[in-house]
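Chemist:
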Amino acid sequence: MKKIAVLVSGGGTNLQALIDAQGRGEIVNGEISIVISSAPEVYALERAKNAGIPSCVLDRKKYPSSQSMTVALVDKLKSLSIDVVVMAGFMTIVTKELFEVYDNAVINIHPALIPSFCGKGAYGLHVHEQALAYGVKVSGATVHFVNEECDGGPIILQKAVDILPDDTPETLQRRIMEQCEWKLLPQAVSLFCQDRLRVEGRTVRILP
Ligand code: GAR
Numbered sequence: 338m339k340k341i342a343v344l345v346s347g348g349g350t351n352l353q354a355l356i357d358a359q360g361r362g363e364i365v366n367g368e369i370s371i372v373i374s375s376a377p378e379v380y381a382l383e384r385a386k387n388a389g390i391p392s393c394v395l396d397r398k399k400y401p402s403s404q405s406m407t408v409a410l411v412d413k414l415k416s417l418s419i420d421v422v423v424m425a426g427f428m429t430i431v432t433k434e435l436f437e438v439y440d441n442a443v444i445n446i447h448p449a450l451i452p453s454f455c456g457k458g459a460y461g462l463h464v465h466e467q468a469l470a471y472g473v474k475v476s477g478a479t480v481h482f483v484n485e486e487c488d489g490g491p492i493i494l495q496k497a498v499d500i501l502p503d504d505t506p507e508t509l510q511r512r513i514m515e516q517c518e519w520k521l522l523p524q525a526v527s528l529f530c531q532d533r534l535r536v537e538g539r540t541v542r543i544l545p
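Below, the structure written as structure tokens:
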């Protein structure tokens with residue numbers, strides 16, 4: 338059974354999707370061992386508590402740099418023998434110290450079809466504002482491995498939705514969460530826990 342750490346910074350609806358999938362037995366060979374938040378008093382921590390999952394806070398504001406926070410994070414993950422790290426709305430930059438230990442074992446969900454609307458400044462509602470301002474006809478979500486390049490790691494799963502004529506950033510965000518993110522993230526984590534993801538260069542092969 339692989340031990341999963343879920344990293345959060347906010348409302349935690351993607352964490353909830355993982356908790357619900359776990360409850361339905363859909364995270365095969367994996368178990369959420371800890372929820373780690375980059376900020377105190379976020380609703381995601383309440384969700385962990387309600388599900389009986391241990392949690393802790395590594396408050397980004399209390400660390401002088403991204404690197405010092407990453408080092409603390411890696412210490413925590415190692416002390417719990419975590420196998421896979423899932424960023425579920427984690428809004429903090431991490432540095433190479435994480436990937437030195439967790440190579441192709443950190444998974445992120447991004448609310449757009451990478452390589453569109455990603456990278457620095459593309460997070461949360463901003464992503465959907467950018468997609469609507471550009472006038473694209475489809476957007477969606479991407480689950481990918483995390484490496485040193487922001488939103489640049491190998492893509493595991495993607496799903497698209499149509500943009501509707503009267504979409505606002507909020508309606509688009511909600512539709513992408515419901516139709517893409519909350520399905521793709523548990524699916525990708527389950528595939529990882531079953532050792533069914535093989536990274537070949539930029540391509541992730543899904544084994545039967
Ligand atoms: C989600 O839409 C997630 O894809 C996005 O933030 C939201 C967090 O919501 N992540 C990013 O933008 C990362 N670049 P949640 O806390 O309810 O899961």
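Residue numbers (our numbering): 338 to 545.
Heads up, the beta-carbon is just placed ideally off N, CA and C, and yes, glycines get one too.
It should be emphasised that the depicted structure is a prediction, and the values quoted were computed from it without experimental measurement.
I'd like the list of long-range same chain contacts for Q510, defined as Cβ closer than 7 Å, with 5 residues on each side in sequence excluded.
Modeler: What you label residue 510 is simply residue 173 of the sequence shown in a count that begins at 1. Within the same chain, Q510 has close Cβ partners P448, L462 and H465.
Chemist: Write down every uninterrupted run of the alpha helix (DSSP H) in the segment 434 to 471 whose length is 4 residues or greater and which is fully enclosed by it, in chain order.
Modeler: You should have 462 to 471.
Chemist: Give a yes or no on whether the C-beta atoms belonging to L355 and V343 are separated by under 8 Å.
Modeler: On the sequence shown, position 18 is the one that residue 355 refers to. On the sequence shown, position 6 is the one that residue 343 refers to. In contact: L355 and V343 (Cβ atoms closer than 8 Å).
Chemist: When you compare the segment 405 to 412 with the segment 450 to 459, are there three or more beta-carbon pairs, one atom per stretch, that lie closer than 8 Å?
Modeler: Taking 8 Å as the limit for Cβ pairs, the verdict is that the segment 450 to 459 does not touch the segment 405 to 412.
Chemist: Pick helix, strand or coil for T350, following the three-state DSSP scheme.
Modeler: In the sequence shown, the residue the question calls residue 350 occupies position 13. Looking at T350 - three-state DSSP - the assignment turns out to be helix.
Chemist: How far does the beta strand (DSSP E) with D499 in it reach, from first residue to last?
Modeler: By one-based count along the sequence shown, residue 499 stands at place 162. Element bounds for D499: I492 to D499.
Chemist: For the segment 515 to 525 against the segment 429 to 438, do three or more pairs of beta-carbon atoms, one drawn from each stretch, fall closer than 8 Å, so that the two count as touching?
Modeler: Result no; under three Cβ-Cβ pairs closer than 8 Å.
Chemist: Looking only at DSSP bridge pairs, what is K415 linked to?
Modeler: Here residue 415 corresponds to residue number 78 of the sequence shown, with the count starting at 1. For K415, which the question treats as bridged, DSSP gives no partner whatsoever.
Chemist: Could you tell me whether the segment 529 to 539 touches the segment 372 to 383, using the rule of 3 or more Cβ pairs below 8 Å?
Modeler: No contact exists between the segment 529 to 539 and the segment 372 to 383.
Chemist: Identify every residue that forms a DSSP beta bridge with L534.
Modeler: Here residue 534 refers to the residue found at position 197 when the sequence shown is read from its first residue. DSSP, once it has assigned bridges, lists I543 as partnering L534.
Chemist: When you compare only the Cα positions, how much space is there between M406 and V475?
Modeler: Translated into positions along the sequence shown, residue 406 becomes position 69. Translated into positions along the sequence shown, residue 475 becomes position 138. Each residue's alpha carbon lies about 36 Å from the other.
Chemist: Please report the straight-line C-alpha distance between A348 and A385, rounded to a whole angstrom.
Modeler: Counting from one through the sequence shown, the residue named residue 348 turns up at place 11. Counting from one through the sequence shown, the residue named residue 385 turns up at place 48. It is Gly, not Ala, that sits at residue 348 in the sequence shown. One C-alpha to the other measures close to 11 Å.
Chemist: Any idea which residues DSSP pairs I371 with across the strands?
Modeler: Walking along the sequence shown from the start, residue 371 turns up at place 34. Answer is A342.
Chemist: Whole angstroms are fine: how far does the CA of E437 sit from the CA of E486?
Modeler: The count along the sequence shown starts at 1 and reaches residue 486 at position 149. The count along the sequence shown starts at 1 and reaches residue 437 at position 100. Approximately 14 Å between the Cα atoms of the pair.
Chemist: For the putative contact between F497 and G477, defined by C-beta atoms under 8 Å, what is the C-beta separation to the nearest angstrom?
Modeler: Mapped onto the sequence shown, residue 497 falls at position 160. Mapped onto the sequence shown, residue 477 falls at position 140. The displayed chain sequence assigns Ala, not Phe, to residue 497. So it is a contact: roughly 4 Å between Cβ atoms.
Chemist: Have a look at the DSSP bridge pairing and note the partners of F482.
Modeler: Translated into the one-based positions of the sequence shown, residue 482 becomes position 145. Answer is I444.
Chemist: Measuring from the CB of G347, is there a heavy atom of the ligand GAR at a distance below 7 Å?
Modeler: Here residue 347 is taken as the residue at index 10 of the sequence shown, counted from 1. Yes, the ligand GAR has a heavy atom inside 7 Å of this Cβ.
Chemist: Could you tell me which residues DSSP puts in a beta bridge with G477?
Modeler: Within the sequence shown, numbered from 1, the residue matching residue 477 stands at position 140. According to DSSP, G477 bridges with A497.
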